[in-house]
Amino acid sequence: MASERIKDFEDFVKVHGLLLAASGIPPSLHHQLFLKLSSETFDSGNFFQVEPCEDGRQRRLVLTSDFMEKESQLFLIDHAWTFRLSDARKQLQDIPGLAQRMASLMCVDIDLTSDTEDVDLESNGSVENSNKNVIEILEREIRQAQEKGDAVMWLELEELDIDDAMLLSLDLSVKFPNLLALSLCGNRLQDSSTVIQEVKKFKNLRALWLNDNPVLKNCSGQMEDAILQGVPSFEIYNSCFTSNFGEWALGFCGGLYGKEKPGCFHNSTNPLETVTSLDLSNRGIHNLFNKAFSATEMPTLSYLNLRGNPLEQNSAEDLLKLLKGFSCLQQLEVDIPGPLGGSALQILESLPNLSLLNDVEVLKILETGKHVIDSKLQPHLPEWKSDEPLADRVISAMWLFLMTYRLADEEKIDETSVWYVMDELGSALRHSDKPNFRVSPFLFMPEGKLASAVSFSILWPTQNIHKGDECARDFLFGIGEDKQRSARLTAWFHTPKNYFIKECEKYWEQLFPRTSASPCIESSKSRSLLRSDGHALRVYTDIPQVEELLTRPEFALTNDPKDADIIWTSTQMDDDVKKATGVTDDQYINQFPFEACLVMKHHLAETVQKARLANNAYSLDKRSFFEYETHFTVMNYIGKLNHMNTPDFVMEFEKEHQVRWIDIHHRVQTMIRTVFEAAAIVHPGMHGSTSRAIYGVDVMLDCSFQPKLLEVTYCPDCTRACKYDTKAVVGNGDIIKGQDFYNHVFGCLFLNETTHVTPL
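Have a look at this one:
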C-alpha cells in the first residue's frame, strides 16, 4: 500500500482504486476528480443556484449554465458539519456560528408568519404613489385593448398595495364590464363584504385570485359561496375550482385560455376538442362528474393529472369507469392510495390503454408487481416553536439532512458512525425517483493513508440537463421495494399507512413462510489452496492488521488486486467494483454471494425482534435522538471498557450465576449454525466455491441464559483479537497469541487447518 504523498494520477488511482469503484463515479471522470481534489477546486457555484421553495421551508438546486451533458462534469461538495452523534448538541452550543449556519441551511431560522400584512403605509405619499401606479396600469390595459379592437377581459393588479377604499374608488366593473379573470394577489384587502360587493358586479367573471390578502384569513370559504351566488359563471377561486367549474376552467388548465387569449362568451364549436394535456393537480375538486369533463368534449386527451384533489364525492369505481371512456388517455398522474383506490395494479386493470402511470412505465409496474408508486409525495417539513433555541431546532430538523459513513483502523477499538451534513449546495438537492444527478461520499487520502483522509461528497450528472432544470438525486439510490423502499421513504415524506402496507405484508410473508421444518444442510469442507510448486499465495488487502500480522510464509502481500490469489478487503466487491479493479471470479474473496441476508439487520428481523437492543431505555424524546447508547446497538467501549481476560470472565460468570459456561457455549454454537443454515436455505446461491470470510456475531444472553442474536457484521473489527493473548476456554486450554490471529484465520480458511478452531 502507498505510504507517500500522492504525486500524480497514477498514484491517485493506486491508492483510491477500490474507493473509486465503490463510489460509482464514472471512470471518464476519475482524472477530473484527481485534478479538483489536488487543487481543492470548488467551482459548483459557476453552474448551479440554490433557490427557496415550499414558501421558504425548503431549498432546491437549479442549473444556471445553458446545458450539462450526462457524465460530463464532476463537482466537489464540502461537508459543512461532521460529527459523532453523541457530540452533536455540544458542538452546536460550543462552536461559534455552527448553529446559525445549520439553522439557515435547514430553513429553521425563519418565522412562519409575516407581520407585513397588517402594516399600514408609512405616509400619504406612499398611498398616492400606489394609486397613481394602479391608474397607469388600468389606462394602459384600456389603450392596448382599444388598439386591438377588443375589450379588456383579463386584468392583473398584483402587489399594488390596493386596500378596501382604493378598490371601491377604482370602480372596476364600470371600466371593465366584460371581465373574465381578475387577479388581486398580494394586496391589502381586508373587508370581505367590500370585496364580495365589488366582485359580484362582474356578471361574466370566471376566475378570481385573492391570494396573499388579509381578507382570506378567516372567511375564504364564505366568500366563495357568496360570490358564486351572485356570479353563476364563477369557476376558479384562488386557483381552486368552484363547484360550478366547467368548460372555461378546464380550458384554462388545458392551456386554451390565459391573459393573451381569455376566451369568449359564445363558441360555435367545441373548444376543448383540441386539448391533449390537462393538469388538474391541486385544484380542490370534490366532484369530477361534469358535462365539460367527458370523452365527448375532450376526445384527444392523452395526459391527465388529478393529483391533490379529494374527489370524495365520487367512488373509485365510478371514477375509473369515467376515465376508461377517454380512449386516447395514455398518461395518468393520481394519488396512490387515493380517490382511484390503493393499488396501481388495480388502476391499470381498469385502464389498460395507459402507458405511463405517475410517470412510471406501465410495463415496469406490471413486471415488479408494485401496488404503489413512490413519486411526488409531500415532504416532511421541520416544525419548531418561536421561542425554541436554534440548537434544538437543528437537532429536530437534522435527520432530514444527515448522511453517514463508517471508519475503522488499527487505532480504534470498535467501529463508530461518522455523521455529516453536506454544504448548502449539496443539501439543496431534493429527492426524485427519476434523478438527474448522483452523489457519493469519497475519502481523499493525499498522504496515501487513512490518517490523512479528508471527506467530500462527489456530484455528477446522470442525465442531460438544461438551464433552469431542478437538480435532484435519489435519496434511496440502489434500494428497491425488495428492501422496503416505500417504508424507508417515510423518513422524508408523508406516506399514508396503507401506502406501503402491501409490500410490508409481502415482506412478512418472506420472513415467516408457511412451511414445515427446514431441511438439514450437510456440512461442506473447504480444500487447501497450498500450491504444489511451493510458491506463496498472493494476498491483496486494505486492512492494516492483515498487512502487519499475516506473517506465514505460505502467504505474500501484493499491492495490485489483479495479481492476487486472495482478496481480503473491507470494501464490498460487487460486480461494478470487480470490473473496475480487474478482479475475476477465479480469485478468492472474503465475502459470499447474498451475504446481505446476514449482515443487513432488516434481513435478520425475525431474530432481532426477540431481544428492545440498546444499552439505555428506548425513548422517542428528541433530546435522546443523538444518544448513541439509546438508539444504536453497536457500541464503542472507549472510556467504559473494564477489560477482563476470557478465562477469568468465564470463571466469574459461572460462580456468580451457578451455570456451566460449556452449556452456554453449545447453545451459542447451535444458534449460529441455525442462522447460517437458514441463510443457505433461503439463498442456495450463497454457496460460493471461491468465497472465504469471517463474520462478527453479536450475541446477548437473556435472563434464562438463552442466546439472542443481535447482528452479524461483515469484515468485523478484530483489534481486540489481535491485541490480547488469551487462554482457550473450550478444548485443551492452550494459550492463543493475539498476534497470530490472522495466521490462524488464513490457515483455517485457505489451508484447511483446524488449529484453535471449533467447528459448528
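Residue numbers are given in my numbering: position 455 of the sequence shown equals residue 609, and the series is strictly consecutive. Glycine included, every Cβ here is placed at the ideal spot set by N, Cα and C.
query: Which residue wins for smallest C-alpha separation from Phe-904, given the options Phe-709, Ser-858, Cys-872, Gln-860?; result: Phe-709
query: Check whether the Cβ atoms of Ser-431 and Ser-469 lie closer than 8 Å to each other.; result: no
query: Pull the bridge partners of Asn-459 from the DSSP assignment, please.; result: Asp-433, Glu-487
query: Among the residues of its own chain, which have a CB less than 7 Å from the CB of His-898, if the five just before and after it don't count?; result: Thr-909, His-910
query: Under DSSP, the alpha helix (DSSP H) around Val-516 begins and ends at which residues?; result: 516-522
query: Compute the Euclidean distance between the alpha carbons of Thr-787 and Asp-871, then round it to the nearest angstrom.; result: Bear in mind that the predicted position of Thr-787 carries a pLDDT of just 48, short of 50, making it too unreliable to give a figure here.
query: What residues are listed by DSSP as bridge partners for Val-884?; result: None; Val-884 has no bridge partner.
query: Would you kindly work out how many angstroms separate the C-alpha atoms of Ile-697 and Glu-865, rounded to a whole number?; result: 22 Å
query: Which first and last residues belong to the beta strand (DSSP E) in which His-233 is found?; result: 233-237
query: Rounded to whole angstroms, what is the Cα-Cα separation between Gln-298 and Leu-334?; result: 17 Å
query: Hey, out of Leu-434, Gly-438, Asn-332, Glu-414, whose CA is closest to Glu-378's CA?; result: Gly-438
query: Excluding the 5 residues flanking Gly-793 on each side, which residues of the same chain have their C-beta closer than 7 Å to its C-beta?; result: A caution first: Gly-793 carries a pLDDT of 49, below 50, which makes its placement in the model too unreliable to give a value.
query: So, are the CB atoms of Tyr-878 and Gly-887 less than 8 Å apart?; result: no
query: Between the segment 219-235 and the segment 602-621, do at least 3 Cβ pairs fall closer than 8 Å?; result: yes
query: Can you give, in chain order, each stretch of the alpha helix (DSSP H) that sits fully within the segment 720-749 and has at least 4 residues?; result: 729-735
query: For the segment 572-585 against the segment 536-556, are there 3 or more C-beta pairs whose distance is under 8 Å?; result: yes
query: From which residue to which residue does the alpha helix (DSSP H) around Thr-800 run?; result: 800-811
query: Please list, in chain order, all residues of the same chain as Ile-179 whose beta carbon is under 8 Å from its beta carbon, the five residues on each side excluded.; result: Leu-187, Leu-228, Ser-594, Phe-596, Ile-612, Trp-614
query: To the nearest angstrom, how far is the alpha carbon of Leu-172 from that of Lys-413?; result: 58 Å
query: If we call anything under 8 Å between Cβ atoms a contact, is Leu-535 one with Gln-212?; result: yes
query: Going straight from the alpha carbon of Ser-682 to that of Cys-902, what length do you get?; result: 9 Å
query: Rounded to a whole number of angstroms, what is the C-alpha to C-alpha distance between Glu-601 and Ile-160?; result: 6 Å
query: Put Phe-440 into one of helix, strand or coil per three-state DSSP.; result: Note that residue 440 corresponds to His in the displayed sequence, not to Phe. Correct three-state label for His-440: coil.
query: Do Met-452 and Glu-427 have their C-beta atoms within less than 8 Å of each other?; result: yes
query: With a threshold of 16 other CB atoms inside 10 Å of the CB of Met-256, please say whether the residue is buried or exposed.; result: buried
query: DSSP on Thr-428, reduced to helix/strand/coil?; result: helix
query: Looking at the secondary structure, which residues open and close the beta strand (DSSP E) in which Tyr-868 lies?; result: 861-868
query: Nearest by alpha-carbon distance to Tyr-868: which of Ser-182, Phe-746, Arg-214 is it?; result: Phe-746
query: Give me, in chain order, the residues of the same chain whose beta-carbon lies closer than 6 Å to that of Leu-311; leave out the 5 immediate sequence neighbours on both sides.; result: Leu-338
query: May I have the straight-line CA-CA distance separating Cys-482 from Ile-501, to the nearest angstrom?; result: 16 Å
query: Out of curiosity, what's the CA-to-CA distance linking Lys-411 and Leu-364?; result: Note on identity: in this sequence residue 411 is Tyr, with Lys being the wrong assignment. Approximately 19 Å between the Cα atoms of the pair.
query: Using CA coordinates, which residue listed in Lys-168, Glu-164, Asp-162, Leu-174 is at the minimum distance from Asp-730?; result: Leu-174
query: I think Val-204 touches Ala-582, with their Cβ atoms under 8 Å apart; what is that distance to the nearest whole Å?; result: 5 Å
query: Would Leu-215 pass as a contact of Glu-624 if the rule is Cβ separation under 8 Å?; result: yes
query: The ligand FMN heavy atoms versus the CB of Gly-580: any closer than 7 Å?; result: Inclusion of the ligand FMN in the displayed structure is not the case, the ligand content being empty and no account of it being possible.
query: If you measure between the beta carbons of Pro-425 and Glu-389, is that distance less than 8 Å?; result: no
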